[in-house]
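J.:
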C-alpha cells in the first residue's frame, strides 16, 4: 500500500521555503503510483502534534505551481524545539502516533539545524517503537549557518536583497552627500553569523564602492577603528555606507543593540543596532546620518529573489522525494558546489547526525584584516548565490500574485493532545 | 544661434528622477538642430552657483539610456532653498550670470514646490536683468504633495515598493504568528502627507488582508483606538500588520518619533516612530513584535519601480524640452488623469506660480472614518500609479546595471563664488 508524505516547515520562514514545498508536492504528484498523499503540518510541528494535517491534494495544480514564487510559509511554521528523547518523550511518542494514524511513510522536516536534529530523533524513535518512518531533513535558513551543505536555500535571496538595497541606497546618499546625509546605516539579520552582512560586500567592486564598512557578529566592535573608517570614507568618497549585522557585540560580548538605549520609562529598548551606531556617528563625528532596519522585509522579499536560490530551494524539495523513493532515511539533501567558474552545483546526501546542532560561522579568511570588509575568497563563494532573477508574476494592479493555500485539514483520528 | 539647456536636480532624489533626466537629454539630442548642449548642475543648484556645470554631451548614448533605470540623482542634488528675491538677491544675480556666461536659453529645475518657486523667480529676475531665460519646472517628489498635477513622478515607485513590501512581510508574519511575532510595524516616509503610507492600503482587498492599521500624519494618534484595532486584528486574523508614516503626531502635535526615547546619556534619540509604537504594543498588549524602517531603501528601490511612474517621469522630462521649443516659460509639465478605467493620462501645462509653495494633503475622503485605513476613493486614485513592472537590466553577477555619469565639467568663465 502506498504511504503518505508528511511535510512540515520549521523556524523562521524564507523567501523561497515555499519553492521547496512546491518541489516536494510536484515531485510526489509525478510519482503518484508510488506515493500516496502529501500532508503538511499546519504551523509546522505544532500542527502535527495537534493532528492538524493539511491535505495538499486539495490544492490545485496552479496553486501548487504558484508556491514556487510565494514568500512566507504557506502551511505555517513555528519555533518549537523538541529536546532530547528523554525530556520530550511525550511529544516524540505523540508524533509517531500521528504518523502511524495517517499512514505516513515519509517525514520531511524543512528547517535548520534544530529541525535536522528532530528529524534524526524521529527516525530513531520510530524504529524503536516498531513504526519505522523514513525521515528526511530538508535544509532551509536565511542565516546560511548549516554545516556541510555549501549554502542554505533561503540565504541567496536575502543576500541578493541586501546587496541590491545597499547599492540603491548608496546611489541615493552619494547624490546628496555634499549638502545632506553623509552616513547611511543598513541593519540586516544575523544574530551569530555574518553571512547576510557579508553579501552586501558583493557591491564593492572598485575602490570607493559601497558599502565602506561591514560589521559582523564574528568581529568585536571597536569604536575607534570604526570611526576612523567612517571618517576616511566621508573624506575620500564624500559619504559612508555601512551594513551592520544585528548581532554585533562590543568587546565585552554585549549586543550593541542592547547597549544603553532606554525608553522614557527607563526600560532598555530592544532591537535596533542601526540607531545605536547612528548615535555614535552623530556624537563623535557630527555627520548627518540616516538608518534603515530591513527586518522581515529582507526575509520575505521574493520580488527580488535569486534565481540560483529558487532553483536550489526547489531541488532540495524534489530530492527529498527522490531520496524517499530510494528508501533512504536519516538523511538530508544538501548543495554541493561542483565548480566556481562556471558556477555549477549538484544535490548531495548527508546523514542528519552530521548536520544537527552545528553552526557554520564565516571563515576568518572571508573577513578582511581590519574586520570590516570581505575578501576575494568570500566574494568567490558568495557571488554565484545571488545570480539570476526569478520574478513572481504580477497582477494587472501591479502587485505580485502570491498564492494562499486552502489548508483543508485531514479528519482527526486521535484524542486531543495538549501542546 | 542655438541655446543650451541647463538642467538641475533638487531636493530628495527618487527612484525615477534620472528617468526624467533621460527624457530631457534624449529629447534634446533628437532636436539638436534647434538646441545646443544639455548641461547639468553638479549637485543641483549649488553647482550652478559655483559654475560647476556637467557637460552631458560627454556621456554616451548607452549611458544616457541607462539613466532611465538608475536610481539616485545621477548629477547630484542638494537641499538649498533660495529665498525671496530681496533676501537672496546675490544668488539670483549669480545664477543669471552663470546662465548668461554659458549661453543657457532654457533652465529646467527638477524638484518639488520650492524648486518650482525658484524656477519661477529666476524667470522673473532674468527678464528684469535683460537676460530672458525660459524657465521650466519639472515635477518630482516621492511625497506626492505637489498641487494641480494628478500625481508626482517618484511617488508611484515608492508606493509600489511599500505595497509589495508590506504584502510580503505580512505573509511572513502570518505564517508564524500562532507561536511567534504577532505584530509587525513598517515605518515609511511622509513628514506631512500620508500618501506613501496610504499606498500600502492597496494590498488590503478583502476582510482580514494586511495592512490592518495605517497611521497618517494627517490624523492625530489616538493610543486607545490604535490598541483596540491591533487587538482586534490579532484576535480575528492571528496577527496585525501596521504601516506608519514617520510624521505621525500625538494629540498635542508632537512627533511620536521624538516622544520619550532617550539614549544612555539622556539625549533624545532621533528618528524611528516604529520602535516607539512597538514599545506601546509591548507594554499595553504584550504581543511579540518586529519592526522595520525602510528609510532610503524605499526612495531608491528602482528594482521594483512602477512602470507607470517610470513612463511619467520620462514624459515630464521630454515635455520640458518640447515646452522650451514652443517658447514657453514659467511653466511646469504636469500629469493629468484622463480616465480611471482604463487608466489614461496626458501631460498638461500649468504656470509655476500656481504650483509654488503649496502642499497637497490627502483629502479627508481618502481616509476611513476610524482614521486608520483608506477608502475606495483613495484606492481608485492610487491603484493605477503602481501598475506595471519596469525592471532594470542585471549583470551576470546578479546585480542591477546602474550607470554612473562621467560628469565632465564645462570650463569656468566667471570668478569664484562663495556658496
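Residue numbers (this note's numbering), protein chains in the order written: chain A, 20 to 438; chain B, 20 to 438. Glycine included, each C-beta is placed from N, C-alpha and C at the ideal position. Everything numeric in this text was worked out from a predicted model, so none of it was measured.
Can you name the residues of chain B whose CB is closer than 9 Å to the CB of residue 230 (chain A)?
T.: What residue 230 (chain A) touches in chain B: nothing, since even the nearest Cβ is about 13 Å away.
J.: Going by DSSP in three states, residue 317 (chain B) sits in which element: helix, strand or coil?
T.: helix
J.: Could you list the residues in the region 165 to 188 of chain B with a C-beta less than 7 Å from some C-beta on chain A, going in chain order?
T.: 179, 182, 183, 184, 186, 187, 188
J.: Beta-carbon separation of residue 431 (chain B) and residue 70 (chain B) under 9 Å?
T.: In contact: residue 431 (chain B) and residue 70 (chain B) (Cβ atoms closer than 9 Å).
J.: With 9 Å set as the bound, which would you pick, yes or no: does the beta-carbon of residue 104 (chain A) sit closer than that to a beta-carbon of chain B?
T.: With its beta carbon at least 9 Å from every one in chain B, residue 104 (chain A) lies outside the interface.
J.: How far does the beta strand (DSSP E) with residue 203 (chain B) in it reach, from first residue to last?
T.: First-last of the beta strand (DSSP E) with residue 203 (chain B): 202 to 207.
J.: In the DSSP assignment, find the alpha helix (DSSP H) that holds residue 338 (chain B) and state where it starts and stops.
T.: Unbroken alpha helix (DSSP H) run through residue 338 (chain B): 326 to 344.
J.: Output the boundary residues of the beta strand (DSSP E) element that contains residue 28 (chain A).
T.: 22 to 28
J.: Closer than 7 Å, Cβ to Cβ, to anything on chain A: give me those residues from the region 196 to 212 of chain B, in chain order.
T.: Close to chain A, meaning a Cβ-Cβ distance shorter than 7 Å, are the following residues of the region 196 to 212 of chain B: 197, 198, 199, 203.
J.: Could you tell me whether the Cβ of residue 315 (chain B) comes closer than 9 Å to any Cβ of chain A?
T.: At a cut-off of 9 Å, the C-beta of residue 315 (chain B) has a neighbouring C-beta in chain A.
J.: Could you tell me which of A:435, A:190, A:252 sits nearest to residue 222 (chain A), measuring between CA atoms?
T.: A:190
J.: Considering only residues of the same chain and omitting the five flanking positions on each side of residue 129 (chain B), which have a CB-CB separation below 7 Å?
T.: 26, 27, 28, 29, 36, 39, 157, 159
J.: With DSSP collapsed to three states, give me the class of residue 274 (chain A).
T.: strand
J.: Would you kindly report the start and end of the unbroken alpha helix (DSSP H) that includes residue 195 (chain A)?
T.: 174 to 195
J.: Residue range of the alpha helix (DSSP H) that residue 292 (chain A) falls in?
T.: 292 to 304
J.: Specify the secondary structure class of residue 141 (chain A) as computed by DSSP and reduced to three states.
T.: DSSP places residue 141 (chain A) in the helix class (H, G or I) of the three-state scheme.
J.: Measure from the C-beta of residue 364 (chain B) to each C-beta in chain A and report whether the shortest distance is under 9 Å.
T.: no
J.: Leaving aside the five residues before and after residue 319 (chain A) along the sequence, list all residues of the same chain whose C-beta is less than 7 Å from its C-beta, in chain order.
T.: 34, 90, 91
J.: Distance check for residue 392 (chain A) and residue 359 (chain A), CA to CA, integer angstroms please.
T.: 21 Å
J.: Residues in its own chain within less than 6 Å of residue 289 (chain A) by CB, not counting five upstream and five downstream?
T.: In this prediction, residue 289 (chain A) has a pLDDT of 48, which is less than 50 and means its spatial position is unreliable; what the coordinates show is noted afterwards. If we look at residue 289 (chain A) and ignore the five residues flanking it on each side, it has no Cβ neighbours.
J.: Establish whether the CB of residue 326 (chain B) and some CB of chain A are separated by less than 9 Å.
T.: Under the Cβ distance rule, residue 326 (chain B) counts among the residues neighbouring chain A, one pair being separated by less than 9 Å.
J.: I need the straight-line Cα distance from residue 353 (chain A) to residue 170 (chain A), nearest angstrom please.
T.: When only Cα atoms are considered, residue 353 (chain A) and residue 170 (chain A) end up about 8 Å apart.
J.: Can you tell me which residues form a DSSP beta bridge with residue 259 (chain A)?
T.: A:202
J.: Around the C-beta of residue 412 (chain A), are 16 or more other C-beta atoms found within 10 angstroms, so that it is buried, or is it exposed?
T.: Flag for residue 412 (chain A) reads exposed.
J.: Where do the N-terminal and C-terminal ends of the alpha helix (DSSP H) with residue 80 (chain A) fall, by residue?
T.: 80 to 86
J.: Report the rounded CA-to-CA distance for residue 110 (chain B) versus residue 188 (chain B), giving the unit in angstroms.
T.: Straight-line Cα distance between these residues: approximately 48 Å.
J.: Excluding sequence positions up to five away, which residues of its chain have a Cβ less than 7 Å from the Cβ of residue 408 (chain B)?
T.: 326
J.: Taking only runs of the alpha helix (DSSP H) that begin and end inside the region 386 to 418 of chain B, which ones reach a length of at least 4 residues, in chain order?
T.: Within the region 386 to 418 of chain B, the complete alpha helix (DSSP H) runs of at least 4 residues are 395 to 401.
J.: Between residue 282 (chain B) and residue 272 (chain A), what straight-line distance do the alpha-carbon atoms span, to the nearest angstrom?
T.: At residue 282 (chain B) the pLDDT is 46, less than 50, meaning the model places this residue with poor confidence; the figure from the coordinates comes in the next sentence. Going from the Cα of residue 282 (chain B) to the Cα of residue 272 (chain A) covers about 20 Å.
J.: Express the C-alpha separation of residue 312 (chain A) and residue 275 (chain A) in angstroms, rounding to a whole number.
T.: Their backbone Cα atoms lie some 15 Å apart in a straight line.
J.: Residue 368 (chain A): which of A:266, A:177, A:338, A:152 sits nearest, CA to CA?
T.: A:338
J.: Using only alpha-carbon positions, find the residue among A:330, A:363, A:101 that is nearest to residue 375 (chain A).
T.: A:101
J.: Should residue 423 (chain B) go down as buried or exposed, given a rule of 16 or more other Cβ atoms within 10 Å for buried?
T.: exposed
J.: For the region 255 to 263 of chain B against the region 289 to 306 of chain B, are there 3 or more C-beta pairs whose distance is under 8 Å?
T.: yes
J.: Relative to the C-alpha of residue 351 (chain B), which candidate in B:48, B:142, B:98, B:97 has its C-alpha closest?
T.: B:142
J.: Assign residue 219 (chain B) to one of two classes, buried (16 or more other C-beta atoms within 10 Å of its C-beta) or exposed (fewer than that).
T.: buried
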